[in-house]
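Working notes, structure below.
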Amino acid sequence: MLLATFKLCAGSSYRHMRNMKGLRQQAVMAIGQELNRRALGGPTPSAWINQVRRRSSLLGSRLEETLYSDQELAYLQQGEEAMQKALGILSNQEGWKKESQQDNGDKVMSKVVPDVGKVFRLEVVVDQPMERLYEELVERMEAMGEWNPSVKEIKVLQKIGKDTVITHELAAEAAGNLVGPRDFVSVRCAKRRGSTCVLAGMATDFGNMPEQKGVIRAEHGPTCMVLHPLAGSPSKTKLTWLLSIDLKGWLPKSIINQVLSQTQVDFANHLRKRLESYPASEARC
1 MLLATFKLCA GSSYRHMRNM KGLRQQAVMA IGQELNRRAL GGPTPSAWIN QVRRRSSLLG
61 SRLEETLYSD QELAYLQQGE EAMQKALGIL SNQEGWKKES QQDNGDKVMS KVVPDVGKVF
121 RLEVVVDQPM ERLYEELVER MEAMGEWNPS VKEIKVLQKI GKDTVITHEL AAEAAGNLVG
181 PRDFVSVRCA KRRGSTCVLA GMATDFGNMP EQKGVIRAEH GPTCMVLHPL AGSPSKTKLT
241 WLLSIDLKGW LPKSIINQVL SQTQVDFANH LRKRLESYPA SEARC
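Mind the numbering: the sequence shown is residues 1 to 285 in UniProt numbering, read in order.
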């Protein structure tokens, strides 16, 4: 299978096939799937996450250069860097301090990371399958403002390949309007392998979305959410959310810490209500 696919892709180097972009795309996808199948072989979620952090395919990189512009390749690289940095922070179990723990088991922890600042880590179990969370958080990302009061609007500005998007997010005021309106321009990528999904992102520049009058341009990153079925209960999902934000402007650290920690707790509650109110079949409509 792999040898035949290489031959197919190599054919695009001949003069009469150079413009067959669709053929090259199919070849890239086929090679990627075959390499993943051979290299991963159905590992556990934790094994896959480690591979995401430490491995990249030189072959895939060279082939993608024929499919994307230099700017698009830069965004793809940013998304990969965000994922690796965020997973690296989550994998280090030292130094985390408890910020809060709810009666239902939801907990928020934090620590200070060099060159990043203070980050927050939410750990919750949601009584819904992972596919449902992926649908709401990735496929219906632009609908988040309908159920999460801390978000006024999310728009996808550009889609790059099947995994990466550039987004603009307008956040609501917080802490009794002490924290004024903020917006974010971010590169986000979603990677799925087996029963694990990682959603990662960080701030980026996008020429068609300059800073807005009366709104402070804040910055995400690196951030990520890791989703996987709860061990022993595949109908439930363990969600871990690493949050790192520079809100910009002048704000006391005590207020920033309180806002970010509470934002994560509120997010979990609003997400549960959304999932309970809109079953999967309705969400697809």
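C-beta: ideal position from N, C-alpha, C; glycine also.
Limits of the unbroken beta strand (DSSP E) element including residue i
i, result
"K253", "Careful: K253 lies outside any beta strand (DSSP E), inside the alpha helix (DSSP H) at K253 to S277."
"S190", "At residue 190 the sequence reads Ala, which differs from the Ser that was named. Segment R182 to R193, the beta strand (DSSP E) holding A190."
"K107", "K107 to V113"
"E99", "K97 to Q101"
Among the options, nearest to residue i - alpha-carbon criterion
i, options, result
"L199", "D70, D266, G79 and S69", "G79"
"R140", "S150, P149, L76 and I154", "I154"
"E219", "A143, G201 and E72", "G201"
"Y75", "D205, Q102 and G117", "D205"
"N104", "Y278, R274 and D266", "D266"
"C224", "M83, E72, S69 and Q77", "M83"
"L157", "V112, S186 and R274", "S186"
"C189", "R272, A172 and E81", "E81"
"V138", "K162, P229, Q77 and Q258", "K162"
"R192", "K159, Q258, A203 and V226", "V226"
"L170", "D183, D246 and E142", "D183"
"V179", "V116, N257 and H228", "N257"
Continuous alpha helix (DSSP H) stretch holding residue i: start and end
i, result
"K85", "D70 to S91"
Residues of its chain near residue i, where Cβ-Cβ distance is below 6 Å and the 5 sequence neighbours each way are ignored
i, result
"A268", "D106 and V124"
"Q101", "K107"
Cβ-based neighbour list, residue i, same chain, cut-off 7 Å, excluding 5 preceding and 5 following
i, result
"G145", "V151, K152, E153 and I154"
"E211", "R217"
"N148", "F267 and H270"
"R272", "V126"
Close-in-space but distant-in-sequence residues of the same chain around residue i (CB under 8 Å, 5 per side omitted)
i, result
"N208", "L157"
"W96", "M109, S110, K111 and R121"
"G214", "P181"
Note to self: What ranges does the alpha helix (DSSP H) occupy inside the segment 121-163, keeping only unbroken runs of at least 4 residues that lie completely in it?
What the structure shows: 130-134
Item checked: Inter-stretch contact (C-beta, 8 Å, three-pair minimum) for the segment 246-261 and the segment 127-134 -> The way I'd put it, the segment 246-261 doesn't touch the segment 127-134; fewer than three beta-carbon pairs between them come closer than 8 Å.
Checklist line | Secondary structure, alpha helix (DSSP H): runs of 4+ residues fully inside the segment 199-243 | finding: none
Notebook entry, point to check: Using 8 Å as the threshold, is the segment 230-247 in touch with the segment 119-126, meaning 3 or more CB pairs across them?
Noted result: yes
Margin query: Three Cβ pairs or more, each shorter than 8 Å: is that satisfied between the segment 255-270 and the segment 104-111?
Written below: Counting Cβ pairs under 8 Å, three or more are found: they touch.
Checklist line | Inter-stretch contact (C-beta, 8 Å, three-pair minimum) for the segment 189-197 and the segment 87-94 | finding: no
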